[in-house]
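Colleague: Residue numbers (the UniProt record's numbering): 1 to 961.
Here it is, written out as structure tokens:
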């Protein structure tokens, strides 16, 4: 909405030529930004290497402060984007002023689908638009006075950066997880164990030396932490690419473009993050993260204990994972996910005798029924498949499995409520104890066995039940055979007994299952890191030697993957890289002793998550061309310390929307690098803080379309755009909603320091808050009063004096120092600004020239929050060194404690007197003073005193007889 700047019009400009105005702010800010860049004010020295510096600064305690990687959007920043960047900048400045060597910088997560889609539409290389967006964003951030060490900045699209992303991928590819050592080890060690016979070769009776190269590669592929496999994926024909789960909406469409997404089997690269599930869970306990974020990670990993059970069927076996093996006697049918690989082996030519009509889905043969149902299931998202739908769907596969505890033949169905992404992709259905199984059994006329004694009045006749009954507190019934009985046991004891029996019989075992799935790591796109992998003529994957890195993206004529009819699920990807035959087909000598050989390059690219999995390490040693990071430098900035056993960044600030995926992936990469000895920190981020969101009002016309917020007028509590009444609702800020406010606009009208103060003063940092341009003027006035307290607006001369401040001013000053220090340490910037405002108002009201011993601490207190104006004032106060590295004032405790406090005296719970007493008064002294007070004596009126309760120095409660 439109408004003017009321503060600027308070006094005519000609009467105050040296008043702090937006024009003066712009001049001051530009000058000091140039100075900081020229002087390298924010350069953080390393203990060694090309960024080594001041030994005294290196010897200080270190602080590594980070923002989550920004994506350089072509639309640029609005005022909501810099909230976290300003907060980390304030905190970094505070840390510098309290004696720390502070590393604070910012790079760019620059591989992204928007740039690629622009390239598809225009033919312009995505690097061109991305670098232009980076240049624009750097300019916007510089305008805010952010104190970044610019020597350490980079973008993930820089070949010097993604060389090491590719290198890390190869470390993961050439590693396996040793369960005995509980860590990753080089794959060469596993090969050596196979060669020596120390470890049997799984799936083979022949020795390792007798296996073909293809057979060896297949064996190692089952162990590698990065591996290619045929896996169920989210295939989006309309985009021509595979999508990760997080890129698919709840209704089964692509987040970008809103195209249908189907389940398909394609050969894709995966990361075996599941090997680290236990460590990813356990190590959360030592991290200083919000509990809500930890909970989301725990739920995503989804650890559950139970048993694996094998059900024989037609010479094969269906393996299920169940958390309730004690209910095995109640399993009356089985369900496989439609994508389960055994389904293709289990569909006979005809329906077996006795097949219920409802099981067939109206199809003549099991093969027809399964094919039709699979096509139906492929069009649904995982969320849709797991939704509690009223009507249960599925079809019989035509085969029966044997329940191993009672020998019953149970029909095997496929149904979309079972997913390949959880457990084994197969379940034993116990309809008496699970509501979904109960509803399915009712719909398909399947038996329901009561195996848990109900604790309500329903009885054990399941034909009368209206729903399933499940309880951990009930007793097991109807669960015995000639070898084992669970009857009468509680759930815990029954689970233990049946698990022991299964293990003894060799048909199952106690195990732990995780919801976490391996990380799909392939994308059918151009704009991403190429995989440093080539395939020989036998299709075996080989890693490129380090000397061939970086493998750079080649030029292509068309940046788009081949797209298809959005509704045609029977298609497969064709990537942009695959069209550059000269790049794809190469002859290379990989240094493995075989000499030059013909190879075909991998034509998928890595997902945009890859570059953000390790960028904290590149900040440490950004120009190292020989190592990922120098060990001494990594140890200095990120190594384990007291209270942080896994090491990591000291403060990581970003949005809660990255609670799971980015943070989980980065933790996984850190642990692999730690296991292989490349880093000393097993965790990337020790302390995590999630900032809130700056929201804005969205105004919509009668059609529901957004209208420009800046052109909306308010009249009598209603809102109008071009004379038409519009609705108003608080929401996100953005260009498409026509409510975005740019930082440049606010800086032009008030200055960057005002913008910084306003964003920090809006409320607690972790809470979302609405933007109100009209309220910005409050912080503008604060800076004007600060300036006016030190500088004569008429002459521009300093007005401070070398005189001693009075007692009240000293107390106001030191209370502010004490409070601001505590608030800055705790990221409570809004309350720190409130305390500064209170002090500044006290000084304004006191009038007269400000004592230097007050002016200088005041400027230093404000410096982390408003660096430009304070740098200017510090120089005007006669100092030649930057305010950035000055010591923050320390409060004198004598002035922080109040001289007196008010003590309330109550009789029968009613206040009868208020006493001004010393904060240090004892209980005995306070009791005597209260009983001697004239008002108290009069209120007692000679009544007897039964008890006196004293809570010095603030309360005396007198209980009369």
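Glycine included, C-beta positions come from ideal geometry on N, C-alpha and C. These numbers were taken from a predicted model, which means no experiment stands behind them.
1) Under three-state DSSP, which class holds residue 108?
2) Helix, strand or coil: which one does DSSP assign to residue 962?
3) The alpha helix (DSSP H) spanning residue 215 covers which residue range?
4) Classify residue 414 as helix, strand or coil using the three-state DSSP reduction.
5) Please classify residue 703: is it buried, with 16 or more other beta-carbons within 10 angstroms of its beta-carbon, or exposed?
6) Which complete beta strand (DSSP E) runs does the segment 262-340 hold, if anything under 3 residues is left out?
7) Using only the alpha-carbon positions, how far apart do residue 1 and residue 709 sit?
8) Is the distance from the Cβ of residue 961 to the Cβ of residue 933 below 8 Å?
9) Just confirm the distance between the C-beta atoms of residue 821 and residue 888, as a whole number of angstroms; I'd bet it's less than 8 Å.
10) Expressed to the nearest angstrom, what Euclidean distance is found between the alpha-carbon atoms of residue 950 and residue 860?
11) Which of the three DSSP states, helix, strand or coil, is assigned to residue 542?
12) Can the beta-carbon of residue 652 be found closer than 8 Å to that of residue 685?
13) In or out: residue 522 buried (at least 16 other Cβ within 10 Å) or exposed?
14) Which residues mark the beginning and the end of the alpha helix (DSSP H) in which residue 499 is found?
15) Measure the Cβ-Cβ separation of residue 270 and residue 518 and say whether it is below 8 Å.
16) Which residue marks the beginning of the beta strand (DSSP E) containing residue 195, and which one marks its end?
17) Between the C-alpha atoms of residue 963 and residue 675, what's the straight-line distance to the nearest angstrom?
18) Within 10 angstroms of the Cβ of residue 161, are there 16 or more other Cβ atoms? Answer buried if so, exposed if not.
19) Within this structure, are the beta carbons of residue 756 and residue 726 separated by less than 8 Å?
20) Locate the beta strand (DSSP E) running through residue 208, then write down its first and last residues.
21) Check whether the Cβ atoms of residue 845 and residue 816 lie closer than 8 Å to each other.
22) For residue 368, which of 355, 302, 354, 396 has the nearest alpha-carbon?
23) Here's the rule I'm using: 16 or more other beta-carbon atoms within 10 Å means buried, otherwise exposed. How should residue 944 be labelled?
24) Please state if the CB of residue 630 and the CB of residue 689 are separated by a distance shorter than 8 Å.
25) Which residue or residues does DSSP assign as beta-bridge partners of residue 629?
26) For residue 516, which residues from the same chain have a beta carbon less than 7 Å from its beta carbon, with the 5 sequence-adjacent residues on both sides left out?
27) Identify which residue in 437, 120, 806, 940 has its Cα closest to the Cα of residue 333.
28) At 4 residues or longer, what runs of the alpha helix (DSSP H) sit wholly inside the segment 608-683?
29) Quick check on DSSP: helix, strand or coil for residue 398?
30) On the three-state DSSP scale, how would you describe residue 127?
31) Alpha carbon to alpha carbon, how far is residue 174 from residue 124? Give it in angstroms, no decimals.
32) Might you give, ordered along the chain, the residues of its own chain that have their beta carbon closer than 7 Å to the beta carbon of residue 650, omitting 5 neighbours on each side?
33) Secondary structure at residue 121, three-state DSSP: helix, strand or coil?
34) Between the Cα of residue 152 and the Cα atoms of 375, 60, 40, 901, which residue gives the shortest distance?
35) Helix, strand or coil: which one does DSSP assign to residue 530?
36) Quick one: residues in its chain with C-beta nearer than 6 Å to the C-beta of residue 729, no 5 flanking neighbours on either side, listed in chain order?
Modeller: Straight from the coordinates:
1) strand
2) Past the edges of the chain, shown from 1 to 961, lies residue 962, and the structure says nothing about it.
3) 213-221
4) strand
5) exposed
6) 262-271, 303-313, 316-322, 333-336
7) Any reading at residue 1 is ruled out, since the residue's pLDDT is 44, under 50, leaving its predicted position unreliable.
8) no
9) 7 Å
10) 42 Å
11) strand
12) yes
13) buried
14) 491-505
15) yes
16) First-last for residue 195: 187-196, but that is the alpha helix (DSSP H), not the beta strand (DSSP E).
17) With the chain covering only 1 through 961, there is no way to say anything about residue 963.
18) buried
19) no
20) It is not in any beta strand (DSSP E) - residue 208 carries neither H nor E in the DSSP assignment.
21) no
22) 396
23) exposed
24) no
25) Answer is none; residue 629 lacks a bridge partner.
26) 273, 274, 277, 300, 301, 302
27) 437
28) 615-620, 631-638, 661-675
29) strand
30) helix
31) 37 Å
32) 63, 64, 65, 686, 687
33) helix
34) 40
35) strand
36) 698
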